[in-house]
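Have a look at the structure below before the remarks.
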Amino acid sequence: MTCAQRLGKPKSPFESTPMQLARVDSLALLGLNAIAVRIEVQIARGLPAFHLVGLPAALVRESRERVRAAMTQSGFVFPQQRLTVNLAPADLPKDSNGFELPIALGILVASQQLPASAIEGIVFLGELSLGGQLQAVRAAFALGLGFARSLEQRGQVAQSQSRPILCVPPASAADCAMAYDGPVWQAPDLRVLCESLIDEQARPSLAYACVADSKSEPLASPLIAPAATQDLMDLKGNPLAKFAACVAASGGHHLLLVGPPGCGKTMLAQTMASILPAPSETTQREQMAMASLRRSRVVHDTMQQPVFRQPHHSASMTALCGGGSPPRPGEISLAHGGILFLDELTEFDPRVLEALREPLQAGSMHLAKGTHSAEFPARFQLVAASNPCPCGFASGQAQASSPHGSDPTQVMRRDHCICSPERLRRYQGRISGPLRDRIDLQVQWPAAWTGQLERDWAFDLMSAMFQAHAINTEQLDSAAAKKLAQRCQALQLKRQGQLNAHLQAAQLLAITGVDPQTDPLLKKLASLGFSQRALHAVIRVAQSIADMLGIA
């Protein structure tokens, strides 16, 4: 007989206490994905201690004292034993302020102050004040949207009433209800929540009362409201630039404007926001989720216009592309579904500009941190503006070897370039060839004082486009251009499921029947140094112009 057989099975010191382990469901964010987090609470004999394990961030570790104070102030007894809280999965960093409520509920269940059946089928999120009140959680809209998408990916697409209940603080209930189509509960404080969970008749009082109303109203935007936009009619001269803007809006093409200072490049970029169609509801939800990650406040108006983001040329790679710990979206993701305007493009750090290659092609941004990676949507429309040279006047009519010409007393004319060839080469080399290749439309803009204000071929072509779509207009304004863009984009989405700017080589060949290897014009362009990507851009832009002209 072994020693263990002689002694018999050791008696657990907790056999007299049936519930010493509790499990509570919660959520964590990784990008826009909501990860299920199981919070396990164990109470064991030993000196009083409160341990948090499972890669808690400093924000979560500090929650121990708030949880202790909130339970005491709410009339509950905090166990004077060894307390261990595990946040699973253990390899996922936890940095949310929404774990305090589920931790407190887990302690109450483990200490038998709350029955385990009261929390089954409910996902809890919430921060606790010292008095036990439930405070708003960070990125509530993103959490609700990520939770809904995770259920869809797992095949739980049944009616909303059969979905898990999401219990959040009152300050976060509206955002969660807009994003999550299942039942949403709210409670003002810890004590009221526990009393309602125990009493079956009191549970309906926790339901968020305005869930139905929030579903029927247009989505609110937590983004900074779009900047005041210009009207296309206010832009005088250069019909070619207006034509390029309309083509870019109709096909979703990226646009590069190169011209001297003061010719209207910035004004045209702001005008683009007034002629783009409104984003889809799915895109709006993604915009709201990313804005909530950046802690933007909710602006209670509808998204009548796409977002317009204009970062400064000193922006870092993290500010533009996203990053940090935890990963946060950058300007390219905040411009998702709208316009990213990069003014003074050549003044940006070349390394930052090169980081735009993949998002421009893929429409998303992948950020890796340790063993985990986050993905943010970044299907933006790039509008960039640049001077042709450091002095800004390389596109002028004349050149000058001296800033003052032959007469030192003469003030330098504004159409004279004083840059040396070497300086000009270095300046233009700040925008790499691969990045230029990803911009479908590139417009060389002459100075306003040398341009012609009368009608030309571009204006006549735009008039033909409006007539093809039965749009009556006396002048080229934003309202008419927006109608044209809406109809062209609707045609493209119906025909191929995406805008022309996003078509790949095989799709272009199937839709247009134009092959760069056999078409005489494209072969001529290839002999002039056009890359395959540039040739495909020519076909995409041509297809957008055909759509605008009503050519099947």
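Residue numbers (my numbering): 1 to 552.
Even for Gly, the Cβ is constructed at its ideal location relative to N, Cα and C.
Would you identify the three-state DSSP class for residue i, choosing helix, strand or coil?
i: residue 139; result: coil
i: residue 437; result: helix
i: residue 277; result: coil
i: residue 383; result: strand
i: residue 553; result: As displayed, the chain neither begins before 1 nor continues past 552, which places residue 553 out of reach and without an answer.
i: residue 76; result: coil
i: residue 86; result: strand
i: residue 417; result: strand
i: residue 62; result: coil
i: residue 242; result: helix
i: residue 29; result: strand
i: residue 35; result: strand
i: residue 67; result: helix
i: residue 394; result: coil
i: residue 24; result: strand
i: residue 308; result: strand
i: residue 247; result: helix
i: residue 425; result: helix
i: residue 146; result: helix
i: residue 493; result: helix
i: residue 355; result: coil
i: residue 293; result: helix
i: residue 524; result: helix
i: residue 470; result: coil
i: residue 207; result: strand
i: residue 482; result: helix
i: residue 265; result: helix
i: residue 56; result: strand
Short of 6 angstroms in beta carbon distance, which residues of its chain neighbour residue i, apart from the five on each side in sequence? Order them along the chain.
i: residue 548; result: 250, 465, 488
i: residue 394; result: 388, 417
i: residue 531; result: 437
i: residue 44; result: 82
i: residue 505; result: 536
i: residue 481; result: 232, 246, 275
i: residue 131; result: 73
i: residue 348; result: 313
i: residue 180; result: 144, 147, 148, 166
i: residue 317; result: 352, 355
i: residue 533; result: 437
CB-CB under 8 angstroms to residue i, same chain, minus the five flanking residues each way: which ones, in chain order?
i: residue 364; result: 375, 376, 377, 378, 379
i: residue 419; result: 389, 390, 391, 394, 427
i: residue 235; result: 241, 242, 264, 267, 268, 271
Can you give the beta carbon distance from residue i to residue j, rounded, assuming they're within the 8 angstroms contact cut?
i: residue 37; j: residue 128; result: Not confirmed; about 17 angstroms, so no contact.
i: residue 240; j: residue 441; result: Residue 240 to residue 441, Cβ: 11 angstroms. No contact.
i: residue 123; j: residue 25; result: 5 angstroms
i: residue 485; j: residue 246; result: 7 angstroms
i: residue 319; j: residue 326; result: No, residue 319 and residue 326 are not in contact; Cβ-Cβ is about 16 angstroms, not under 8 angstroms.
i: residue 39; j: residue 106; result: 5 angstroms
i: residue 133; j: residue 189; result: 5 angstroms
i: residue 193; j: residue 187; result: 4 angstroms
i: residue 172; j: residue 136; result: 5 angstroms
i: residue 522; j: residue 538; result: 7 angstroms
i: residue 94; j: residue 57; result: 6 angstroms
i: residue 60; j: residue 99; result: 6 angstroms
i: residue 111; j: residue 79; result: 5 angstroms
Name the one or two DSSP bridge partners that residue i has.
i: residue 166; result: 123, 184
i: residue 259; result: Residue 259 pairs with nothing; no bridge assigned.
i: residue 133; result: 189
i: residue 342; result: 384
i: residue 365; result: 376
i: residue 50; result: 83
i: residue 106; result: Looking at the DSSP assignment, residue 106 forms no beta bridge with any residue, so it has no partner.
i: residue 444; result: 258
i: residue 323; result: 328
i: residue 128; result: 134
Which residues in the same chain have their Cβ closer than 7 angstroms to the Cβ of residue i, if we skip the five residues on either side of it in sequence?
i: residue 34; result: 27, 143, 146, 147, 150
i: residue 509; result: 515
i: residue 293; result: 139, 142, 328, 329
i: residue 47; result: 82
i: residue 613; result: What is shown of the chain runs 1 to 552, which leaves residue 613 out entirely.
i: residue 322; result: 328, 329, 330, 333, 365, 367, 376
For the ligand SAH, is there a heavy atom less than 7 angstroms away from the beta-carbon of residue i?
i: residue 362; result: Looking at this structure, you won't find the ligand SAH or any other ligand, since it has none at all.
Taking 8 angstroms as the threshold (beta carbon to beta carbon), is residue i in contact with chain C?
i: residue 173; result: In summary, chain C is missing from the structure at hand, where a single protein chain is found.
Review point. Within the chosen definition, does the stretch 71–87 reach the stretch 50–60 through at least 3 CB pairs nearer than 8 angstroms?
Key: yes
Review point. How about the stretch 344–361 and the stretch 418–438: do they share at least three Cβ pairs that are nearer than 8 angstroms?
Key: yes
Review point. Does the count of Cβ pairs from the stretch 339–347 and the stretch 282–294 closer than 8 angstroms reach three?
Key: Between the stretch 339–347 and the stretch 282–294 there are fewer than three C-beta pairs closer than 8 angstroms, too few to call the two in contact.
Review point. Counting Cβ pairs closer than 8 angstroms, one from the stretch 258–267 and one from the stretch 490–503, do we hit at least three?
Key: no
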